[in-house]
Amino acid sequence: MSTFRKAYSIVGALLILEYLAQFYLIATALFTLGQAFDGPDSHPSSKALYAAFKNADSIAALHVINGYFVIPVTTLVLIGLAFASRYSWKTTAQTSSLLALLLLQMALVWLAIPGVTALHALNAVVIVATGSWIVWNRWAWRTEAKPAEAPAPVEERVPVGSVS
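Just so you know, we're using my numbering here: the sequence shown kicks off at 199 and counts up by one.
What follows is the structure, given as structure tokens:
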């Protein structure tokens, strides 16, 4: 088994963890904003809203750093490993599609049209599903099933005493 294929599996698993970290970070930022509504009358003051945004800002910044720098570099490394592993062109193209989906993900944010930007979350689900499927199908430590052996041919028996 190729070292590059093992590296492909490891980097692919790391990429999936980075995707999941994106979901965690943005959910944490949103729930941090929600803390402003925990007051007695559930109508937060401007001071409470400001504090909630200030607390969520650093978490959202980690989401941006992970999405703009860490994930693209890991994706490029995975594409390079797809070539180095000598996977089929189909697998290499599927791996490269992750970069195309990632660029679409960034474009959806920069468009800043609420209805279109909402597709950012749906595209994230597609990215996670596609990446997980690719890594699962190319997992380097999976044992390949051996083909079943064909049964031995059965000889026809001629009954004793019959004329042939």
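Positions of the beta carbon are idealized from the N, C-alpha and C atoms, including for glycine. This one's a predicted model, so the numbers in the text were calculated from it and none came from an experiment.
DSSP places glycine 359 in the coil class of the three-state scheme, outside both helix and strand. Bounds of any alpha helix (DSSP H) do not take in tyrosine 266, whose DSSP letter is neither H nor E. Sequence-distant Cβ neighbours of alanine 219 in its own chain, meaning closer than 7 Å and more than five residues away, are Asn264.
Look at aspartate 236 here: in three-state DSSP terms it is coil, with no helix or strand label.
Exclusion of the five residues before and after alanine 258 leaves Ala227 as the residues of its chain whose Cβ lies within less than 6 Å of its Cβ.
Arginine 340 is not a Cβ neighbour of tyrosine 206, given a cutoff of 8 Å.
Non-local C-beta neighbours of threonine 290 in its own chain, meaning closer than 8 Å and more than five positions away in sequence, comprise Ile277, Ala280, Phe281, ordered along the chain.
In the structure shown, the three-state DSSP call for alanine 327 is helix.
Of Leu317, Asn321, Glu354, the smallest CA-CA separation from tyrosine 217 is found for Asn321. Histidine 318 sits in a helix when the DSSP states are folded into three classes.
Taken through DSSP and simplified to helix, strand or coil, serine 256 comes out as helix. When rounded, the separation of the alpha-carbon atoms in proline 345 and tryptophan 331 is 24 Å. The C-beta of alanine 250 has 16 or more other C-beta atoms within 10 Å across all chains shown, which makes the residue buried.
The shortest C-alpha to C-alpha distance from leucine 213 to any of Gln233, Met304, Thr293 is the one to Thr293. Less than 8 Å separates the beta-carbon of leucine 296 from that of glycine 329. Just so you know, the alpha carbons of alanine 338 and valine 324 end up roughly 23 Å apart.
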